[in-house]
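Scroll down for the structure; my scribbles are underneath it.
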Amino acid sequence: MVKALKEETMATTMTLSIIIEELEGKLALYRAALGKGVSSAALSNEDVPELKEFVGTRSVCDVDNFLWRMENYFRRTTNKRQCKIGTWQEFQCELKGQFYPEFIEEEARAKLKGIMQWGTVREYVREFKELIL
């Protein structure tokens, strides 16, 4: 009886060790895939500071600082929004999702429903024309 229990325990231990080895292999494969950026997006917790308005002074230093702040602002905001596309199929799906006419039509209709005049009439008419075309 003790011998049978011992053999059963050994068989269970061997089965579990085989399963653990398989799982470790899969884990290594997944880690390698994520390390290459196949299905991961670059995430950063970096805060993007808001731009300060350009006062209109003619100081070269002020203009240079304003332009430098704008470049950094746009660089940081675009880096946050971009994600890496690992495979050709992911790229095709992303591209088709953005440019299919039915999606564009739905998006334009949603924008037309939400259009409001915030600025001048000229800006409102320009925005309306862009949505209609």
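In terms of UniProt numbering, the sequence shown is residues 1 to 133.
Virtual Cβ for every residue (Gly too), placed ideally from N, Cα, C.
query	result
Short Cβ contact (8 Å threshold) for residue 95 with residue 115	no
Three-state secondary structure (DSSP) of residue 88	helix
Reduced DSSP secondary structure (H/G/I, E/B, other) of residue 25	helix
Span of the alpha helix (DSSP H), counted from its first residue to its last, around residue 132	121-132
Local conformation of residue 18 per DSSP, three classes	helix
Simplified DSSP assignment, three categories, for residue 118	coil
Residue 69 versus residue 118: straight-line alpha-carbon distance, rounded	27 Å
Cut-off 7 Å between Cβ atoms - residues of its own chain near residue 22, not counting five sequence neighbours on either side	none
Cutoff 6 Å; reference residue 40; Cβ partners in own chain excluding five residues on either side	Reliability fails at residue 40, whose pLDDT of 47 lies under 50, so the model's placement of it is uncertain and no value is given.
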